[in-house]
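S.K.:
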Amino acid sequence: MNILTELGYFFTDPLMQRSLIAAVIVGVAAPIMGTYLVQRKLSLLGDGIGHVALTGVALGWIVGAGMGLVERDALAIPGAVVAAVIGAVAIEFVRERGKTSGDVALALLFYSGIAGGVVLIGLAGGTNANLMAYLFGSISTVTTLDLFMIAALGVIIIAVGVGMRSLLFTISNDEEFARASGLPVRAANIVIAVIAALTVTVSMRVVGLLLVSAIMILPVAVAQLMTASFKTTMRVAMIVGVIVTVGGLMITYWVPLSPGATIVMLAVLAYTLVAILRPLFATKNGRGHDPHPDVPDDVALEGAQGALTKEGASCNE
Numbered sequence: 005m006n007i008l009t010e011l012g013y014f015f016t017d018p019l020m021q022r023s024l025i026a027a028v029i030v031g032v033a034a035p036i037m038g039t040y041l042v043q044r045k046l047s048l049l050g051d052g053i054g055h056v057a058l059t060g061v062a063l064g065w066i067v068g069a070g071m072g073l074v075e076r077d078a079l080a081i082p083g084a085v086v087a088a089v090i091g092a093v094a095i096e097f098v099r100e101r102g103k104t105s106g107d108v109a110l111a112l113l114f115y116s117g118i119a120g121g122v123v124l125i126g127l128a129g130g131t132n133a134n135l136m137a138y139l140f141g142s143i144s145t146v147t148t149l150d151l152f153m154i155a156a157l158g159v160i161i162i163a164v165g166v167g168m169r170s171l172l173f174t175i176s177n178d179e180e181f182a183r184a185s186g187l188p189v190r191a192a193n194i195v196i197a198v199i200a201a202l203t204v205t206v207s208m209r210v211v212g213l214l215l216v217s218a219i220m221i222l223p224v225a226v227a228q229l230m231t232a233s234f235k236t237t238m239r240v241a242m243i244v245g246v247i248v249t250v251g252g253l254m255i256t257y258w259v260p261l262s263p264g265a266t267i268v269m270l271a272v273l274a275y276t277l278v279a280i281l282r283p284l285f286a287t288k289n290g291r292g293h294d295p296h297p298d299v300p301d302d303v304a305l306e307g308a309q310g311a312l313t314k315e316g317a318s319c320n321e
């Protein structure tokens, strides 16, 4: 059996088709939100929301069992959405009012969320295997209903993240300046929190709640090594996200590995390779040379490579 036959089975298997669509949606949507979180220096927020979402998953199990549903986890994603949104908005209000530091608020989300989820899913009749599927992802179990919910939430994330990019970038880059300019800072912060919560719930079936922050942040970290503007960083991060999610899914089709962990390791590998190769390309392209040698300089260049070359352009729109 040759590779083309194997690929044919991969793309025609209904189970893999659903998994592939889910992987592409997550690969595009997660880095969009991750770009804003990195800009706001809240890279670990996804982890905190993910732990709260586990409580929502357990509540969905309880409601499903009470309603006598055949599939008791049918309401897991809606439950996760509700819990994640409430948790994200709550931490945003805590951060804004400054009554406790951001790391303490995140710790509260971490511990109360995961502990509540473990207790509640046990009360709902779930098992450790059910719990592991949500903690570390189980993309091969994505149902048609799951796919519709993932697609709907993905459209919302992409529409808001891309459509409101100018406003959200301004808020993320300099909140005090945005407030002084009369922009709706509080409303925009709540939008970011809600979209972050939706991103977590969209991604949990693919990489799991414990690894969800990685697929939001690592593609952005890779993109920042290659780009010099916020807009380009977001675009490249989306491409990287799709490559690692689809690549991880294809690898685990033939090799019995965890899809979520494989996707994250591919993202780590991509970051490592780009970080190693970046200085080589920078030297080859002559980074640090005077871009306008025919124009008299008003400052002296430091050294042959021009140490005054601007390196901090990655946060510009």
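Per the working numbering, the very first residue in the sequence shown carries number 5; after that it's consecutive.
We put the beta carbon where it would ideally sit given N, CA and C, even for glycine.
On the criterion of 16 or more Cβ atoms from any shown chain inside 10 Å, does T266 qualify as buried, or is it exposed?
M.R.: buried
S.K.: Quick check: the Cα distance between A200 and T236, rounded to an integer number of angstroms?
M.R.: Rounded to whole angstroms, A200 to T236 spans 20 angstroms at the Cα level.
S.K.: My understanding is that M242 touches I36, with C-beta atoms under 8 angstroms, so please give their C-beta distance in whole angstroms.
M.R.: 7 angstroms
S.K.: With a threshold of 7 angstroms on Cβ separation, who are the neighbours of A88 within its own chain once the five nearest residues in sequence on each side are excluded?
M.R.: I53, V56, A57, G60, A201, V204, T205
S.K.: Tell me whether the beta-carbon of L79 lies closer than 8 angstroms to the beta-carbon of G91.
M.R.: no
S.K.: Since I believe I196 is in contact with Y40 (beta carbons under 8 angstroms), could you give me their beta-carbon distance rounded to a whole number of angstroms?
M.R.: 6 angstroms
S.K.: If you draw a straight line from the alpha carbon of A232 to that of I66, how long is it in whole angstroms?
M.R.: 48 angstroms
S.K.: Cα separation between G245 and R183?
M.R.: 32 angstroms
S.K.: Would you check if the distance between the CB atom of A271 and the CB atom of V248 is smaller than 8 angstroms?
M.R.: yes
S.K.: Closer than 8 angstroms is the cut-off here; do at least three beta carbon pairs connect the stretch 18-37 with the stretch 207-215?
M.R.: yes
S.K.: With DSSP as the reference, label M220 as helix, strand or coil.
M.R.: helix
S.K.: Rounded to a whole number of angstroms, what is the C-alpha to C-alpha distance between L127 and Y115?
M.R.: 18 angstroms
S.K.: Taking the alpha helix (DSSP H) that P18 belongs to, which residues open and close that run?
M.R.: 18-43
S.K.: For G38, collect the residues of the same chain with a Cβ closer than 6 angstroms to its Cβ; drop the 5 residues on either side in sequence, then sort them by chain order.
M.R.: A distance below 6 angstroms between beta-carbons, with the five flanking residues on each side excluded, links G38 to the following residues of its chain, in chain order: M220, I221, V224.
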